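Participant: This is the structure I want to talk about, given as structure tokens.
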Amino acid sequence: MGFQGIGASVRRKEDVRFLSGKGNYTDDINRPGQLYAVIKRSDRPHAKINGIDIAAASAAPGVVRVFVGADLAAEEIGGLPCGWQIHSKDGSPMAEPPHPVLAVGKVRHVGDPVAVVIAETKQQAKNAAELIEIDYSDLPAVANLTDAVVPGAVEVHDGVPGNICYDWVIGDKAVVDGVFAGAAHVVKLDLVNNRLIPNAMEPRVAIGDFDTSSGDFTLYTTSQNPHVIRLLMGAFVLHIPENKLRVVAPDVGGGFGSKIYHYAEEAIVTWAAGKVRRPVKWTCERSESFMSDAHGRDHVSTAEMALDAEGHFLGLRITTLANMGAYLSTFAPAVPTYLYATLLAGVYKTPVIYVNVKAVFTNTVPVDAYRGAGRPEATFLLERLVDVIAHDTGFDKVDLRRKNFIPADAFPYQTPVALQYDSGDYQTTLRVALANADWEGFEARRAAAKGRGKLRGIGISTYLEACGIAPSAVVGSLGARAGLYEVAEIRVHPTGSVTVFTGTHSHGQGHETTLAQLVVSQLGVPFDQVEVVHGDTAKIPFGMGTYGSRSLAVGGSAMVKAMDKVIAKGKKIAAHLMEASVEDIEFADGKFTVAGTDKSKALAEISLAAYVPHNYPIEELEPGLDETAFYDPKNFTFPGGCHIAEVEIDPETGVVEMVNFTAVDDVGRVVNPMIVEGQVQGGVAQGIGQALMEACNYDPSGQLLSGSFMDYTMPRANDIPNMSVATENTMCTHNPLGSKGCGEVGAIGSPPAVINAVVDALKEYGVRHLDMPATGAKLWSIIQAARPLMAAE
Amino acid sequence: MPQVTLTVNGKQHTVDVEGRTLLVELLREKLGLTGTHIGCDTSQCGACVVHVDGISVKSCTQLALQADGTSVLTIEGLAEADGTLHPMQEMFREHHALQCGFCTPGMVMTAVDLVQSHPDGLTEKEIREGLEGNLCRCTGYHNIVKAIAAAHPLMHAKAAE
Numbered sequence: 017m018g019f020q021g022i023g024a025s026v027r028r029k030e031d032v033r034f035l036s037g038k039g040n041y042t043d044d045i046n047r048p049g050q051l052y053a054v055i056k057r058s059d060r061p062h063a064k065i066n067g068i069d070i071a072a073a074s075a076a077p078g079v080v081r082v083f084v085g086a087d088l089a090a091e092e093i094g095g096l097p098c099g100w101q102i103h104s105k106d107g108s109p110m111a112e113p114p115h116p117v118l119a120v121g122k123v124r125h126v127g128d129p130v131a132v133v134i135a136e137t138k139q140q141a142k143n144a145a146e147l148i149e150i151d152y153s154d155l156p157a158v159a160n161l162t163d164a165v166v167p168g169a170v171e172v173h174d175g176v177p178g179n180i181c182y183d184w185v186i187g188d189k190a191v192v193d194g195v196f197a198g199a200a201h202v203v204k205l206d207l208v209n210n211r212l213i214p215n216a217m218e219p220r221v222a223i224g225d226f227d228t229s230s231g232d233f234t235l236y237t238t239s240q241n242p243h244v245i246r247l248l249m250g251a252f253v254l255h256i257p258e259n260k261l262r263v264v265a266p267d268v269g270g271g272f273g274s275k276i277y278h279y280a281e282e283a284i285v286t287w288a289a290g291k292v293r294r295p296v297k298w299t300c301e302r303s304e305s306f307m308s309d310a311h312g313r314d315h316v317s318t319a320e321m322a323l324d325a326e327g328h329f330l331g332l333r334i335t336t337l338a339n340m341g342a343y344l345s346t347f348a349p350a351v352p353t354y355l356y357a358t359l360l361a362g363v364y365k366t367p368v369i370y371v372n373v374k375a376v377f378t379n380t381v382p383v384d385a386y387r388g389a390g391r392p393e394a395t396f397l398l399e400r401l402v403d404v405i406a407h408d409t410g411f412d413k414v415d416l417r418r419k420n421f422i423p424a425d426a427f428p429y430q431t432p433v434a435l436q437y438d439s440g441d442y443q444t445t446l447r448v449a450l451a452n453a454d455w456e457g458f459e460a461r462r463a464a465a466k467g468r469g470k471l472r473g474i475g476i477s478t479y480l481e482a483c484g485i486a487p488s489a490v491v492g493s494l495g496a497r498a499g500l501y502e503v504a505e506i507r508v509h510p511t512g513s514v515t516v517f518t519g520t521h522s523h524g525q526g527h528e529t530t531l532a533q534l535v536v537s538q539l540g541v542p543f544d545q546v547e548v549v550h551g552d553t554a555k556i557p558f559g560m561g562t563y564g565s566r567s568l569a570v571g572g573s574a575m576v577k578a579m580d581k582v583i584a585k586g587k588k589i590a591a592h593l594m595e596a597s598v599e600d601i602e603f604a605d606g607k608f609t610v611a612g613t614d615k616s617k618a619l620a621e622i623s624l625a626a627y628v629p630h631n632y633p634i635e636e637l638e639p640g641l642d643e644t645a646f647y648d649p650k651n652f653t654f655p656g657g658c659h660i661a662e663v664e665i666d667p668e669t670g671v672v673e674m675v676n677f678t679a680v681d682d683v684g685r686v687v688n689p690m691i692v693e694g695q696v697q698g699g700v701a702q703g704i705g706q707a708l709m710e711a712c713n714y715d716p717s718g719q720l721l722s723g724s725f726m727d728y729t730m731p732r733a734n735d736i737p738n739m740s741v742a743t744e745n746t747m748c749t750h751n752p753l754g755s756k757g758c759g760e761v762g763a764i765g766s767p768p769a770v771i772n773a774v775v776d777a778l779k780e781y782g783v784r785h786l787d788m789p790a791t792g793a794k795l796w797s798i799i800q801a802a803r804p805l806m807a808a809e
Numbered sequence: 004m005p006q007v008t009l010t011v012n013g014k015q016h017t018v019d020v021e022g023r024t025l026l027v028e029l030l031r032e033k034l035g036l037t038g039t040h041i042g043c044d045t046s047q048c049g050a051c052v053v054h055v056d057g058i059s060v061k062s063c064t065q066l067a068l069q070a071d072g073t074s075v076l077t078i079e080g081l082a083e084a085d086g087t088l089h090p091m092q093e094m095f096r097e098h099h100a101l102q103c104g105f106c107t108p109g110m111v112m113t114a115v116d117l118v119q120s121h122p123d124g125l126t127e128k129e130i131r132e133g134l135e136g137n138l139c140r141c142t143g144y145h146n147i148v149k150a151i152a153a154a155h156p157l158m159h160a161k162a163a164e
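Chains A and B supply the protein sequences, listed in that same order.
At position 170 of the first sequence (counting the first as 1) the number is 186 in this note's numbering, and the numbers step up by one without a gap.
At position 42 of the second sequence (counting the first as 1) the number is 45 in this note's numbering, and the numbers step up by one without a gap.
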């Protein structure tokens, strides 16, 4: 076995299990005596509930109980809490209307849960749910973001005038307006960031279990952050203290953000298990996922850049409408503010920026973070705007970017929108990407494509994002209702093997491998003797989970701190055993050595002494070698890079073929290059999906049109090209690993690169901008409309 | 209740099923073979692909009763009895062709059939087209395509032994 520490493409520990059908996903778990829950959901976008008749359903074969919203309200079960409070520009707190677990009085989106049937079998529960009669009075509905803010629009919630959740600003408008007044060029762009449905391949599942002897509840759930769910559901919804509530998130089949949030079904099965005193299992069907998993994106923006005569960016002015859906999902308010507007400096030294964001309620599924969360929206806006500036002013699009980059020697760099970047080298990622993509050779490829009757285009995106959102005190001051540290426990067992307990959660990222590699490098323990445990509040001290590419940068750093403690304690034990002073003990390659001598003790000898403390400094040191660390980062991390897309469009059909994709990312220290490449490839595929095919559509009445995989286009193998993926890394300066995060870069950097390529391919058709997705139908229409004009010229 | 008799991973089972029971439900709920997954309800995602008499089939699209008398191979039956992985499983591991693992059983079963039915070789385009019925949200397919291409010569060399 070769080197398996930091930097090695170690094959994954988890793979044999997954490849043999031995994964343990939540739906694979069945509890003795288990009942099945089926949720009756609203088929109306907006309606008053006059009454719910559950008599027939309750009497149906196999039915144990039917619950409606009033049953939970009678027990003072709380609504689903929101984890982030934003304040409007006038200082008032955001509108935070109740989000009942089961609808009370009104339904506000198609898919809003109204009742739950608990029965002996899934089929019986399903049959009975069909017998529930809900007497609705339909209300007018509003699904479209821009429709929701016109005067006189239907209001989704009483007491939320104009559907405005908050009206938030960052930057000084007067200063920015002044810059615009004196600018040589002003370029304006209206754009939409299309609404998406995350669609992790594993649908959500929740199993509530109640131990009648101890009174303990257990929730098995498809979550990215079991401790967060325990906190939110226990403290705010069901009023179960942490010591009586265990949350287990076993193998989870993809998340992409959609499994961060506390969902109604988790509370329903846990509460119902206590009522019926038997386990209750709910398994989401895919068509239910479409109308109950939090959606992503859905922004409408106007962006304006002021430039001087040489093309330097002088000021940026943006207004954005952000769709919240019908209720506030757990982290929804943070996405279009602190994960979006603060990123709008991007990689550029734009000196002044003003952003106004209005968050808006509509009769749609709640919208929250989806892979990238705010940062893809910021990147799409900026990188489209830069290309449109090039289009309108005649500056070269690459030179324009180079000219405005924050230089590599300017770090730490304070942006005008609150963030301070610690490191980066945007000229290098650009230079390497241009070389890897053979940018210079493109015109020859374009000419060759033209000979084949194809329109070929190339597009670039130079992006920056922020990961590992922190520190806790700062996010608290910005409205977060939680800390954003991470926790690790390193348990060195008596004979020297190690179990890592991490508060992060792996749902595809490969933590069982990557985090073990950290132990190999720092403690010198062989890879096969390291086990990584995650996803169970009964085993792990605490944790904030996995999202925002935080697991390595924050969770890995917590491990480094805990291992530092292990080494520090081990040195004291070693000093005692080798009769040396602690200051003279060195630790390397799994051995404690007395400096300048050949006296040494292996970690396993030290751990054995710690657990069998016969010869041990017991007066000054406790037995055992098991250390826990909480790590609260000093800052975000700032990955960035350059993505280049190359497309060919068939002018007869409008269909886009992705022919090349090149990514050069700066993700800081790479622990496992194979896994990093895989993360980027997957993110890019989601970005290509957003750019070319994915769209969540509602009709004007609020009915969900894209409600299944037959209506919502997912990228398939044939839609995605082979990708050239590389890294050019600068180290994060404030965490001990130097890692920045790689989980979202693909989905953040790629959509504007793809659209810039499509626009470039269509330049002879007079296209300045088009909104995502660039479907064949949309492009065919553009080409058809332009042809007569071109013929007339 | 009607009965179905079928062989799954070499072992014969006789099971009572409702007429509406799907093959995937029989495998997961009656036989406890939870390696075969359910990712959608419209036969789009392919997480449930198994082999029925050697042909890859979406087991959410077939009634359990239709499998009467057949021989079914699931992901649990693909490796050798001693645990040695099938070349396709091995290549998926080698080329990091899986992340969350949820689509993986169906993807592997589809890939095995694809390679078996193309003894003379597979181009990248043929592999990508052959995966049309399987969705993966994690990998971007890049490494899945690589793994299948790498498994092709190994599987056919093995078959020639």
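Ideal Cβ placement from N, Cα and C applies to all residues, glycine included.
A quick note: this is a predicted structure, and the numbers were derived from the prediction, not measured.
Isoleucine 660 of chain A and alanine 498 of chain A look like a contact to me (Cβ under 8 Å); what is the Cβ gap, rounded to whole Å?
Facilitator: Counted from its first residue, the first sequence places residue 660 of chain A at position 644. Counted from its first residue, the first sequence places residue 498 of chain A at position 482. That belief does not hold up - the Cβ atoms of isoleucine 660 of chain A and alanine 498 of chain A are roughly 38 Å apart, past 8 Å.
Participant: Between which residues of its own chain and lysine 275 of chain A is the CB-CB distance below 6 Å, once the five residues before and five after are set aside?
Facilitator: The count along the first sequence starts at 1 and reaches residue 275 of chain A at position 259. Once the five neighbours on either side are set aside, the close Cβ partners of lysine 275 of chain A are Thr238, Ser239 and Gln240.
Participant: Enumerated in chain order, which unbroken segments of the beta strand (DSSP E) with a length of 3 residues or greater are wholly contained in the segment 20-60 of chain A?
Facilitator: Here the runs fully enclosed are 51-57.
Participant: Can you list, in chain order, the residues of its chain whose CB lies under 8 Å from that of valine 202 of chain A, leaving out five sequence neighbours each side?
Facilitator: By 1-based counting over the first sequence, the position of residue 202 of chain A is 186. Excluding residues within five positions, the ones whose Cβ falls inside 8 Å are Phe196, Glu320, Met321, Ala322 and Leu323.
Participant: If the criterion is Cβ atoms closer than 7 Å, does the pair isoleucine 102 of chain A and arginine 391 of chain A meet it?
Facilitator: Position 86 of the first sequence, counted from the first residue, corresponds to residue 102 of chain A. Position 375 of the first sequence, counted from the first residue, corresponds to residue 391 of chain A. Cβ distance not < 7 Å, so isoleucine 102 of chain A and arginine 391 of chain A don't count as in contact.
Participant: Would you say glutamate 301 of chain A touches the ligand ADP, meaning its beta carbon is less than 6 Å from a heavy atom?
Facilitator: Annotation note on the ligand ADP: not contained in the displayed structure, which lists no ligands.
Participant: Which of the residues in the segment 24-44 of chain A, read from start to end, lie with their CB under 9 Å from any CB of chain B?
Facilitator: Residues Ser25, Arg27, Arg28, Glu30, Asp31, Val32, Arg33, Phe34, Leu35, Ser36, Gly37, Lys38, Gly39, Asn40, Tyr41, Asp43 and Asp44.
Participant: Any beta carbon of chain A sitting closer than 7 Å to that of cysteine 63 of chain B?
Facilitator: Residue numbering aside, residue 63 of chain B sits at position 60 when the second sequence is read from its first letter. Judged by the 7 Å Cβ criterion, cysteine 63 of chain B is not in contact with chain A.
Participant: Since methionine 788 of chain A contacts histidine 99 of chain B with CB under 8 Å, what's their CB separation in whole angstroms?
Facilitator: Mapped onto the first sequence, residue 788 of chain A falls at position 772. Mapped onto the second sequence, residue 99 of chain B falls at position 96. Not confirmed; about 29 Å, so no contact.
Participant: How about leucine 471 of chain A and proline 667 of chain A: are their beta carbons less than 7 Å apart?
Facilitator: Residue numbering aside, residue 471 of chain A sits at position 455 when the first sequence is read from its first letter. Residue numbering aside, residue 667 of chain A sits at position 651 when the first sequence is read from its first letter. In contact: leucine 471 of chain A and proline 667 of chain A (Cβ atoms closer than 7 Å).
Participant: Quick check on DSSP: helix, strand or coil for alanine 135 of chain A?
Facilitator: Walking along the first sequence from the start, residue 135 of chain A turns up at place 119. Here alanine 135 of chain A sits in strand by DSSP.
Participant: Can you pull the DSSP bridge partners for valine 203 of chain A?
Facilitator: Residue 203 of chain A sits at position 187 when you count from the first residue of the first sequence. Paired residues: A/Met321.
Participant: Determine the chain B residues that contact valine 700 of chain A at a beta-carbon separation under 7 Å, and present them in chain order.
Facilitator: Translated into the one-based positions of the first sequence, residue 700 of chain A becomes position 684. Near valine 700 of chain A (Cβ distances below 7 Å), the residues of chain B are Gly143.
Participant: For a contact defined as C-beta to C-beta under 9 Å, what are the partners of isoleucine 245 of chain A on chain B?
Facilitator: Indexing the first sequence from 1 puts residue 245 of chain A at position 229. In chain order: nothing, as chain B lies at least about 19 Å away.
Participant: From the beta carbon of alanine 82 of chain B, is the nearest beta carbon of chain A less than 7 Å away?
Facilitator: As a first step, residue 82 of chain B is located in the second sequence; it is residue number 79 there, counting from the start. Yes - at least one Cβ of chain A is within 7 Å of the one on alanine 82 of chain B.
Participant: Could you pull out every residue in the same chain whose Cβ sits closer than 7 Å to the Cβ of asparagine 40 of chain A, ignoring the five residues on either side in sequence?
Facilitator: In the first sequence, the residue the question calls residue 40 of chain A occupies position 24. Pro266 and Asp267.
Participant: Under the three-state reduction of DSSP, which class applies to glutamine 810 of chain A: helix, strand or coil?
Facilitator: This structure gives no information on residue 810 of chain A, because the portion of chain A shown stretches from 17 to 809.
Participant: What's the gap between the Cα of alanine 72 of chain A and the Cα of alanine 53 of chain A?
Facilitator: Taking the first sequence and counting its residues from 1, the one referred to as residue 72 of chain A is at position 56. Taking the first sequence and counting its residues from 1, the one referred to as residue 53 of chain A is at position 37. Approximately 17 Å between the Cα atoms of the pair.
Participant: Given a cut-off of 7 Å on the beta-carbon distance, is the pair valine 610 of chain A and proline 557 of chain A in contact?
Facilitator: Within the first sequence, numbered from 1, the residue matching residue 610 of chain A stands at position 594. Within the first sequence, numbered from 1, the residue matching residue 557 of chain A stands at position 541. No, the Cβ-Cβ distance between valine 610 of chain A and proline 557 of chain A is not below 7 Å.
Participant: Kindly indicate which residue of A/Phe19, A/Ala280 and A/Gly467 has the alpha-carbon position closest to the one of glycine 94 of chain A.
Facilitator: Along the first sequence, read from residue 1 onward, the residue named residue 94 of chain A stands at position 78. Ranking A/Phe19, A/Ala280 and A/Gly467 by Cα distance to glycine 94 of chain A puts A/Ala280 first.
Participant: Could you tell me which residues DSSP pairs with phenylalanine 306 of chain A in its beta bridges?
Facilitator: Within the first sequence, residue 306 of chain A is the residue found at index 290, counting from 1. Partner(s): none; phenylalanine 306 of chain A has no beta bridge.
Participant: Which residues mark the beginning and the end of the beta strand (DSSP E) in which asparagine 452 of chain A is found?
Facilitator: Walking along the first sequence from the start, residue 452 of chain A turns up at place 436. No beta strand (DSSP E) contains asparagine 452 of chain A, which is instead part of the alpha helix (DSSP H) from 442-452.
Participant: Select from A/Thr234, A/His278 and A/Phe272 the residue whose C-alpha is nearest the C-alpha of glutamate 258 of chain A.
Facilitator: Against the first sequence, residue 258 of chain A aligns to sequence position 242. When only C-alpha atoms are compared, the closest one is A/Thr234.
Participant: Would you please verify whether the beta carbon of histidine 278 of chain A is less than 7 Å from any beta carbon of chain B?
Facilitator: The residue labelled residue 278 of chain A in the question sits at position 262 within the first sequence. So, not an interface residue.
Participant: Using beta carbons (cut-off 7 Å, strictly below), is glutamine 7 of chain A in contact with chain B?
Facilitator: Beyond the ends of chain A as shown, which are 17 and 809, falls residue 7 of chain A; an answer cannot be given.
Participant: From alanine 153 of chain B to alanine 160 of chain B, what does the alpha carbon distance come to, in whole angstroms?
Facilitator: Taking the first residue of the second sequence as position 1, residue 153 of chain B is located at position 150. Taking the first residue of the second sequence as position 1, residue 160 of chain B is located at position 157. Rounded to whole angstroms, alanine 153 of chain B to alanine 160 of chain B spans 12 Å at the Cα level.
Participant: Please list the residues of the segment 87-106 of chain B that have a C-beta atom closer than 7 Å to any C-beta atom in chain A, keeping them in chain order.
Facilitator: From the segment 87-106 of chain B, only Leu88, Gln92, Phe95, Arg96, Glu97, His99, Leu101, Gln102, Cys103, Gly104, Phe105 and Cys106 have a Cβ closer than 7 Å to chain A.
Participant: By the 10 Å Cβ neighbour count, where 16 or more other Cβ atoms means buried, how is glycine 782 of chain A classified, buried or exposed?
Facilitator: Locating residue 782 of chain A in the first sequence gives position 766, where the first residue counts as 1. By the 10 Å Cβ count, glycine 782 of chain A comes out exposed.
Participant: Using a Cβ-Cβ cutoff of 7 Å, what residues of the segment 699-725 of chain A are near chain B? List them in chain order.
Facilitator: If the cut-off is 7 Å between Cβ atoms, the segment 699-725 of chain A has Val700, Ala701, Ser724 and Phe725 near chain B.
Participant: Please name the residue in A/Pro295, A/Thr669 and A/Gln697 whose C-alpha comes closest to that of leucine 795 of chain A.
Facilitator: Residue 795 of chain A sits at position 779 when you count from the first residue of the first sequence. Measuring from the Cα of leucine 795 of chain A, the nearest candidate turns out to be A/Thr669.
Participant: Give every residue of the same chain whose Cβ lies closer than 7 Å to the Cβ of serine 537 of chain A, excluding the five residues on either side of it in the sequence, and list them in chain order.
Facilitator: Translated into positions along the first sequence, residue 537 of chain A becomes position 521. Result list for serine 537 of chain A: Gly21 and Ile22, in chain order.
Participant: What is the DSSP secondary structure of alanine 84 of chain B, reduced to helix, strand or coil?
Facilitator: Counting from 1 along the second sequence, the entry for residue 84 of chain B is found at position 81. If DSSP states are grouped into helix, strand and coil, alanine 84 of chain B belongs with coil.
Participant: What distance in whole Å lies between the Cβ atoms of valine 117 of chain A and leucine 88 of chain A, which are believed to be in contact at a cut-off of 8 Å?
Facilitator: Sequence index remark: in the first sequence, residue 88 of chain A carries index 72 (1-based). Sequence index remark: in the first sequence, residue 117 of chain A carries index 101 (1-based). Rounded, the Cβ-Cβ distance is 5 Å, consistent with contact.
Participant: With a Cβ-Cβ cutoff of 7 Å, do methionine 94 of chain B and valine 111 of chain B count as a contact?
Facilitator: Looking up residue 94 of chain B in the second sequence gives position 91. Looking up residue 111 of chain B in the second sequence gives position 108. The answer is no: Cβ separation not under 7 Å.
Participant: At a CB distance below 9 Å, what residues from the segment 110-144 of chain B approach chain A? Give them in sequence order.
Facilitator: The segment 110-144 of chain B vs chain A, Cβ under 9 Å: Val111, Glu127, Lys128, Ile130, Arg131, Glu132, Gly133, Leu134, Glu135, Gly136, Asn137, Leu138, Cys139, Arg140, Cys141, Thr142, Gly143 and Tyr144.
Participant: Based on Cα-Cα distance, which residue from A/Lys615, A/Val675, A/Glu171 and A/His750 lies nearest to alanine 596 of chain A?
Facilitator: Translated into positions along the first sequence, residue 596 of chain A becomes position 580. Of A/Lys615, A/Val675, A/Glu171 and A/His750, the residue nearest in Cα terms is A/Lys615.
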